[in-house]
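**Q** I am attaching a structure below and will ask some questions about it afterwards.
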Amino acid sequence: MRNIFRLVTLIGTLLFITIIYATPSAATWQRENLIGCNEKYFYTFIMERNNPASYYEYTETFSLAQYEIASSKLVNKTVIRKTRHVDKQADGHWVKEEQQTNAFDLNQFLSKDNLVYIFPADMSETQWFVQADGIYLQGDKGKAILVPKADLATKVPWFNAYSRIAGLYEINNNYYVLLEQGDELGGRSLENDFQQMIMVVTSDNYNKSWQLLNQRTTQKLSSDQNPWQVQVGCFKTVSSADQLVKQLAKAEFKAQINFSKSTHCHRVILIPRQVTQDAAKQQAQQLQEKLNIKGYIGKVEE
-11 MRNIFRLVTL
-1 IGTLLFITII
9 YATPSAATWQ
19 RENLIGCNEK
29 YFYTFIMERN
39 NPASYYEYTE
49 TFSLAQYEIA
59 SSKLVNKTVI
69 RKTRHVDKQA
79 DGHWVKEEQQ
89 TNAFDLNQFL
99 SKDNLVYIFP
109 ADMSETQWFV
119 QADGIYLQGD
129 KGKAILVPKA
139 DLATKVPWFN
149 AYSRIAGLYE
159 INNNYYVLLE
169 QGDELGGRSL
179 ENDFQQMIMV
189 VTSDNYNKSW
199 QLLNQRTTQK
209 LSSDQNPWQV
219 QVGCFKTVSS
229 ADQLVKQLAK
239 AEFKAQINFS
249 KSTHCHRVIL
259 IPRQVTQDAA
269 KQQAQQLQEK
279 LNIKGYIGKV
289 EE
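All residue numbers for the sequence shown refer to the working numbering, where the first residue is -11 and numbers rise by one.
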C-alpha cells in the first residue's frame, strides 16, 4: 500500500512539474511608432500583444495615443482595433475573434489636427546613452544628464539600466526619444516582455545639457592647456575657504574654491592656472612675498 501511495505521489508531482514547465509566463509585447506632432501634442501608433500565460491564446490591440509635448504625459488613447487569437484544439489552427473595432481615417486625422511628420535626427555630433540614473548626452570631453531617473520614472515606469535608445527624432528643436527594453524576438514568440515608449526632451532641457557639456569641455581644455596649479589651503567648511579667498583678493590674488572628493575638503586654488611648473613656482613665490602664505604646487586634479 505504501509503495502504491508513493508511486501515485511521484506521478502527481511529475505531472505538476510538467504542467508548470509547459505553461509560459504572462508576457506583453509592445511597439510604439511616432506619427507626428502639432504645437502642443505628439501622436503615436501603439501595437500591443498580450499573452495570458498560454501557448494557445493571445490578444492584439492597435491604438492611437496622444501625448503632451511639454510633459510627455498621456492625454488620450483610442483603441482602433482589438482581436483575440485562439488555438482551441492546440493543433495549430488559430481562430481570430474581433473584440473591438473603430473606424479610423488616418489622412483625415492628420489634416484635422494639423500634424506634421517627424523624421529621424542625426546622432553623430553628440551621443545619447542610458545609465541606471538617467539619459545622458556624451561629448568629446565629458557628459551631461538630459533626463534624470526621477523624471523618467513618471514618464517611462519600466525604465532601468537595461533600457536602450532605439530611435531619436527631432522637430522644432524638440527631441523625441524612442526607449525600449526586453527581448523583441521573445515577445513575438509570446514568451518574454518587450516594451517601447516615446518621450520628449524639450528644447529647453536639451539646451541646458548642451551648455553644461560645453562648459565642462571648456574647463577640461583649460586644464589640459594649463596643467599646473597653486593650492593655498584646504578647509572643512566653505565659509573658512571663502574667508581666505577674500583675504587673497585684497592682495590682488584671484582664487577659486574646489571641493575635493578624495580629501573631503574645500581647496582654495589660485587662478589662472599655469602652463609650466616654473610659472606656478613664480606664482607661489609672489604669494609668499606679499602675504607670507605658502602655496603648494601640483598638477591640476579633475
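Note that CB positions come from ideal geometry on N, CA and C, so glycine has one too.
In angstroms, rounded to a whole number, what distance separates the CA positions of Glu48 and Arg37?
**A** In the sequence shown, counting from the first residue as 1, residue 48 sits at position 60. In the sequence shown, counting from the first residue as 1, residue 37 sits at position 49. Whole-angstrom Cα-Cα distance: 4 Å.
**Q** Cα separation between Asp79 and Tyr46?
**A** Within the sequence shown, residue 79 is the residue found at index 91, counting from 1. Within the sequence shown, residue 46 is the residue found at index 58, counting from 1. Their Cα atoms are separated by approximately 16 Å.
**Q** To the nearest whole angstrom, what separates the beta carbons of Met187 and Lys131, a pair I think is in contact under 8 Å?
**A** For the purposes of this step, residue 187 is taken as the residue at position 199 of the sequence shown. For the purposes of this step, residue 131 is taken as the residue at position 143 of the sequence shown. Contact doesn't hold; Cβ gap of about 19 Å is too wide.
**Q** Quick check: Gln217 and Val263, are their CB atoms within less than 8 Å of each other?
**A** Indexing the sequence shown from 1 puts residue 217 at position 229. Indexing the sequence shown from 1 puts residue 263 at position 275. Against a cut-off of 8 Å, the Cβ pair of Val263 and Gln217 comes out as no contact.
**Q** My guess is that Ser197 and Leu279 are in contact by the Cβ rule of under 8 Å, so how many angstroms apart are they, rounded?
**A** Position 209 of the sequence shown holds residue 197. Position 291 of the sequence shown holds residue 279. Their Cβ separation, rounded to whole angstroms, is 41 Å, which puts Ser197 and Leu279 out of contact at 8 Å.
**Q** Could you name each continuous beta strand (DSSP E) segment of 3 residues or more that falls completely within the region 37 to 117, going from the start of the chain to the end?
**A** Within the region 37 to 117, the complete beta strand (DSSP E) runs of at least 3 residues are 45 to 56, 62 to 74, 83 to 89.
**Q** Mark Phe241 as exposed unless 16 or more other C-beta atoms lie within 10 angstroms of its C-beta, in which case mark it buried.
**A** By one-based count along the sequence shown, residue 241 stands at place 253. Counting Cβ neighbours within 10 Å, Phe241 comes out buried, since at least 16 surround it.
**Q** How long is the line joining the alpha carbons of Val118 and Gln77, rounded to whole angstroms?
**A** Numbered from 1 along the sequence shown, position 130 holds the residue referred to as residue 118. Numbered from 1 along the sequence shown, position 89 holds the residue referred to as residue 77. Using only the alpha carbons, I get a separation of about 45 Å.
**Q** Quick check on Arg255: buried or exposed, where buried means 16 or more other Cβ atoms within 10 Å of its Cβ?
**A** Position 267 of the sequence shown holds residue 255. Label assigned to Arg255: buried.
**Q** Note the first and the last residue of the continuous alpha helix (DSSP H) segment covering Gln18.
**A** Taking the first residue of the sequence shown as 1, we reach residue 18 at position 30. Run containing Gln18: none in the alpha helix (DSSP H); it sits in the beta strand (DSSP E), 15 to 25.
**Q** For the region 58 to 65 and the region 82 to 89, state whether three or more C-beta atom pairs, one from each stretch, are separated by less than 8 Å.
**A** Cβ pair count under 8 Å is below three, so no.
**Q** Kindly say whether Lys76, judged by its beta-carbon, lies nearer than 8 Å to any beta-carbon of chain B.
**A** Looking for chain B here will not work: only one protein chain is present.
**Q** Apply the 10 Å Cβ neighbour rule to Gln183 and answer buried if 16 or more other Cβ atoms are within range, or exposed otherwise.
**A** Reading the sequence shown from its first residue, position 195 is the one you call residue 183. It is buried - the Cβ of Gln183 has at least 16 other Cβ atoms within 10 Å.
**Q** Using the three-state DSSP reduction, which class does Tyr194 fall into: helix, strand or coil?
**A** Taking the sequence shown and counting its residues from 1, the one referred to as residue 194 is at position 206. Three-state result, Tyr194: helix.
**Q** Under the three-state reduction of DSSP, which class applies to Val263: helix, strand or coil?
**A** For the purposes of this step, residue 263 is taken as residue 275 along the sequence shown, with counting starting at 1. Of the three classes helix, strand and coil, the one that applies to Val263 here is coil, per DSSP.
**Q** Do you know offhand how far Arg152's Cα is from Asp181's?
**A** For the purposes of this step, residue 152 is taken as the residue at position 164 of the sequence shown. For the purposes of this step, residue 181 is taken as the residue at position 193 of the sequence shown. Cα to Cα, Arg152 sits roughly 15 Å from Asp181.
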